[in-house]
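This report refers to the structure that appears directly beneath it.
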Amino acid sequence: MAKIKEVTTADIADLQDISRRTFAKTFADDNSAADLNEYLDTAYATDKLLAEVENPNSQFYFVFHEDNLAGYLKLNWGSAQSEEQGDGSLEVERIYLLAAFQRLGLGRQLLDQAFDQANALGKGRVWLGVWEHNQNALAFYQKIGFTPFSDHVFQLGTDAQRDILMEKVLI
Numbered sequence: 001m002a003k004i005k006e007v008t009t010a011d012i013a014d015l016q017d018i019s020r021r022t023f024a025k026t027f028a029d030d031n032s033a034a035d036l037n038e039y040l041d042t043a044y045a046t047d048k049l050l051a052e053v054e055n056p057n058s059q060f061y062f063v064f065h066e067d068n069l070a071g072y073l074k075l076n077w078g079s080a081q082s083e084e085q086g087d088g089s090l091e092v093e094r095i096y097l098l099a100a101f102q103r104l105g106l107g108r109q110l111l112d113q114a115f116d117q118a119n120a121l122g123k124g125r126v127w128l129g130v131w132e133h134n135q136n137a138l139a140f141y142q143k144i145g146f147t148p149f150s151d152h153v154f155q156l157g158t159d160a161q162r163d164i165l166m167e168k169v170l171i
C-alpha cells in the first residue's frame with residue numbers, strides 16, 4: 001500500500017518539481033517547446049501553487065511508493081473548481097504520476113482518496129477533464145467507472161486543446 005500525505009505550504013518546492021516533471025514528461029512529445037514552457041512557467045509558478053495549496057476549497061495529496069515521491073492529486077470543490085459544476089461535485093483537477101511509478105495501482109489509490117474526500121464533503125459526483133489524445137488516461141478512467149458528459153478547451157500556450165469531461169456518480 002502506498003503512503004498518501006496531504007501537501008502543505010512547506011511542500012511547495014517538491015510540488016512544483018513533481019508538477020513540472022510529470023506534466024513535461026507526459027505532454028512534451030505532443031506540444032511545442034514554447035507552448036509547454038509557457039504553461040509550466042505559468043501553471044506551476046511558486047506563488048500560484050502557494051495560493052492553490054492555501055485555498056480552503058482545494059486539497060493536494062502526495063503519494064509515495066517505497067518512500068519515493070511518486071506523484072500527486074489535486075482536488076477542488078465549490079468555487080475552486082476549474083468549471084462550475086455545482087455544489088454536489090468534486091473535481092479531480094490533477095492526478096499525476098512519474099512514469100517509473102505508473103501501473104503500480106497508485107492512480108487507483110489516489111482516486112480512492114478523491115472518492116473518500118467527496119464522501120466526507122457530502123459530494124455525490126466526481127468529475128475530471130482528460131485530453132482527448134491521452135488514450136491511456138481515458139481507458140483508465142473508463143475502467144474505474146467514469147463516463148464522458150461534455151468537453152472544454154484546455155489552453156496550452158497558444159494551442160487550444162480539447163479535454164473530454166468525465167464524471168462518476170457516487171450515490
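Under full-length UniProt numbering, read the sequence shown as residues 1 to 171, first letter to last. For every residue, glycine included, the Cβ atom is placed at its ideal position computed from N, Cα and C.
Cβ-Cβ distance between residue i and residue j below 8 Å
i, j, result
"L170", "A118", "yes"
"W127", "Q85", "yes"
"N55", "A33", "no"
"A10", "L106", "no"
"K123", "G145", "no"
"V53", "V92", "no"
"I74", "R103", "Checking the sequence shown, residue 74 turns out to be Lys, not Ile. Not a contact, by the Cβ cut-off of 8 Å."
"L50", "I12", "yes"
Alpha carbon of residue i to alpha carbon of residue j, nearest angstrom
i, j, result
"K25", "A99", "8 Å"
"E38", "G157", "6 Å"
"D14", "E132", "28 Å"
"A45", "S58", "17 Å"
"R21", "F101", "13 Å"
"L69", "L110", "13 Å"
"G129", "A28", "19 Å"
"L36", "N134", "16 Å"
Cβ-based burial, residue i [other Cβ within 10 Å; buried from 16]
i, result
"G71", "buried"
"K48", "exposed"
"M166", "buried"
"K5", "exposed"
"N136", "exposed"
"F149", "exposed"
"Q142", "exposed"
"A114", "buried"
According to DSSP, residues forming a beta bridge with residue i
i, result
"V130", "I164"
"Y72", "F62 and Y96"
"T147", "E167"
"E91", "N76 and W127"
"I12", "I12 is not bridged to any residue."
Cβ-heavy atom distance, residue i to the ligand PLP, below 7 Å
i, result
"L128", "The ligand content of the structure shown is nil, which means the ligand PLP is not present either."
Rounded Cβ spacing between residue i and residue j (contact assumed at less than 8 Å)
i, j, result
"R152", "D163", "Going by the sequence as given, residue 152 is His instead of Arg. Right, their Cβ atoms sit about 6 Å apart."
"F60", "L40", "With 8 Å as the limit, F60 and L40 do not qualify as a contact, their Cβ atoms being about 17 Å apart."
Cβ of residue i within 8 Å of any chain B Cβ
i, result
"H65", "Reference to chain B is not applicable here, since this structure consists of a single protein chain."
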